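Order-wise, the sequence lines are chains A and B.
When we follow UniProt numbering, the leftmost residue of the first sequence carries the number 1, and every step to the right adds one.
When we follow UniProt numbering, the leftmost residue of the second sequence carries the number 1, and every step to the right adds one.
Just so you know, even glycine gets a beta-carbon here, dropped at the ideal spot from N, CA and C.
This structure is a prediction, so every number in the text was calculated from the model and none was measured.
Here the structure comes first, spelled out in structure tokens, and everything after it is commentary.
Protein chains: 2
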Amino acid sequence: MDIRMLCLGLLTLKEATGYEIKKTFEGPLSHFYEASYGSIYPALNKLTEEGLLTCDQQAQDKRPDKKVYSVTSAGKLAFMDALQKHPGRDRIRSEFLAVMMFARLLPAGHLSRLIDDRIDEYRDRIAHIDRECAGVMAGEVETFICGYGKAVYSAAVQYLEDNRHLLESEALMGSTRAAE
Amino acid sequence: MDIRMLCLGLLTLKEATGYEIKKTFEGPLSHFYEASYGSIYPALNKLTEEGLLTCDQQAQDKRPDKKVYSVTSAGKLAFMDALQKHPGRDRIRSEFLAVMMFARLLPAGHLSRLIDDRIDEYRDRIAHIDRECAGVMAGEVETFICGYGKAVYSAAVQYLEDNRHLLESEALMGSTRAAE
DNA sequence: TCGTCATATATCGAGTTGATATATTATGCA
DNA sequence: TGCATAATATATCAACTCGATATATGACGA
Numbered sequence: 001m002d003i004r005m006l007c008l009g010l011l012t013l014k015e016a017t018g019y020e021i022k023k024t025f026e027g028p029l030s031h032f033y034e035a036s037y038g039s040i041y042p043a044l045n046k047l048t049e050e051g052l053l054t055c056d057q058q059a060q061d062k063r064p065d066k067k068v069y070s071v072t073s074a075g076k077l078a079f080m081d082a083l084q085k086h087p088g089r090d091r092i093r094s095e096f097l098a099v100m101m102f103a104r105l106l107p108a109g110h111l112s113r114l115i116d117d118r119i120d121e122y123r124d125r126i127a128h129i130d131r132e133c134a135g136v137m138a139g140e141v142e143t144f145i146c147g148y149g150k151a152v153y154s155a156a157v158q159y160l161e162d163n164r165h166l167l168e169s170e171a172l173m174g175s176t177r178a179a180e
Numbered sequence: 001m002d003i004r005m006l007c008l009g010l011l012t013l014k015e016a017t018g019y020e021i022k023k024t025f026e027g028p029l030s031h032f033y034e035a036s037y038g039s040i041y042p043a044l045n046k047l048t049e050e051g052l053l054t055c056d057q058q059a060q061d062k063r064p065d066k067k068v069y070s071v072t073s074a075g076k077l078a079f080m081d082a083l084q085k086h087p088g089r090d091r092i093r094s095e096f097l098a099v100m101m102f103a104r105l106l107p108a109g110h111l112s113r114l115i116d117d118r119i120d121e122y123r124d125r126i127a128h129i130d131r132e133c134a135g136v137m138a139g140e141v142e143t144f145i146c147g148y149g150k151a152v153y154s155a156a157v158q159y160l161e162d163n164r165h166l167l168e169s170e171a172l173m174g175s176t177r178a179a180e
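Structure (structure tokens):
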């Protein structure tokens, strides 16, 4: 399930422009799947070439033309087919944990600040998810996904608070051994 | 903190070959940061060109030459410098949640199987982390990172078990509306 | 004997990010 | 009034990364 297929799936639910698809990727989806214009626009072009999408180009006054994409019947079949395949494993890249690998090399104050900051960031994310899903418009699927994000980020915050001492006892206690 | 810098950091802790670095990325690190040969070998070459690494090429009987990389003093400084920068946000791509977006389009049996499989996969990961960190050799940092992984995956399993009904009530109850 | 795993390096196509370019209108704010 | 910034809308590009593949050889078990 790459971005190309995910665009096809989103258009199966509702026709949209590339710009609107990008907005969708900035909603609840953003917590577990990101996509940039640099992948979305080429994906839409390729899907159109392949006959899985049609493009209705709408001239607008005072705005660039809108290209509204809709799924063809071949597109619907292709997407249903892609849904049958076993989804790949989660891919995670945490620069925070990567830096924590080197806790011993960091001055204690700096390490503690990094952990504080990360806890704040996760709390912000949780608050953000709450705002996104507070609306009456959220269906079961959206509720499920938002809840998933909250569960995971809450667990991360809890873990950091309960176990940060493991790292903080390892860090340089005010010394500057870092440059040795 | 890209793979290039992370290689430099690992070599700061211990000199190694590209092959050994790949092995390191397959340990506890693998749960939050992955790297392939296709990024590791070019990274080592570039770091060497830049004077941040030195390479000791050891001819071996009956084996390809080993290239053992060590960090130069310039390399140490460059890495300490990189550690000062605020780590970027976590990047997560979950194909599983992407597929769950389309729960309505899936036959109920298929959906349930997907969720069962994902719970099993997370449980396997937790068991795998336990094995990795059971050894006496694990230091505080490794313990911290393994614990983080366990906390997050446990929360995910718990959430899936408690909330799967939200999706399962949305799925096609045995019908084949999928192709409509 | 045959397959497969481990050791070891390397490359390449394809997918992706983040920045940047282009052009116009709307909005806030001093 | 003027000026910066955000929003609407599409598009491209260098740099990074993955997953597969290539190349060689030895060991180990079926």
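Return yes when the Cβ of B:T17 is within less than 7 Å of the Cβ of B:K67, no when it is not. yes
Under 6 Å: does the beta carbon of B:A98 sit that close to some heavy atom of the ligand NAP? Absence of the ligand NAP is noted for the structure shown, with no ligands found whatsoever.
Extent of the continuous alpha helix (DSSP H) run through A:K76: S73 to Q84
Three-state secondary structure (DSSP) of B:R2: According to the sequence provided, residue 2 of chain B is Asp. The question's Arg does not apply to it. Here B:D2 sits in coil by DSSP.
Going by DSSP, name the residue or residues bridged to A:V152. Per DSSP, none; premise fails for A:V152.
Could you tell me if B:L105 is buried or exposed, where buried requires 16 or more neighbouring beta carbons within 10 angstroms of its beta carbon? buried
Per DSSP, cross-strand counterpart(s) of A:K67: A:Q57
Who are the neighbours of B:L6 on chain A, taking C-beta pairs under 7 Å? A98
Selection from A:L13, A:R113, A:F32 and A:R164 that minimises the alpha carbon distance to A:T72: A:L13
Within the 7 Å Cβ cut-off, does A:I92 reach chain B? yes
Would you list, in chain order, the members of the region 132-152 of chain B that have their beta-carbon closer than 7 Å to a beta-carbon of chain A? E140, V141, T143, F144, I145, G147, Y148, A151 and V152
Any C-beta of chain B under 7 Å from that of A:G9: yes
Of the residues that make up the region 75-88 of chain A, which ones have a beta carbon closer than 7 Å to any beta carbon in chain B? M80, L83, P87 and G88
Taking the C-alpha atoms as reference points, what is the distance between A:L111 and B:G139? 17 Å
Do we get a CB-CB distance below 7 Å when we pair A:T102 with the residues of chain B? It should be noted that the sequence gives Phe, not Thr, for residue 102 of chain A. Closer than 7 Å: yes.
Do B:Y153 and B:Y122 have their CB atoms nearer than 7 Å? yes
Please list, in chain order, the residues of the region 29-44 of chain B that have any C-beta partner in chain A closer than 8 Å. L29, H31, F32, Y33 and E34
Within 7 Å, strictly: CB atoms of A:I3 and A:L10: no
Return helix, strand or coil for B:R91, following the three-state DSSP convention. strand
Check whether the Cβ of A:A156 lies closer than 7 Å to any Cβ atom in chain B. yes
State yes or no: is the beta carbon of A:Y159 nearer than 7 Å to at least one beta carbon in chain B? yes
So what's B:A16 in DSSP terms, helix, strand or just coil? strand
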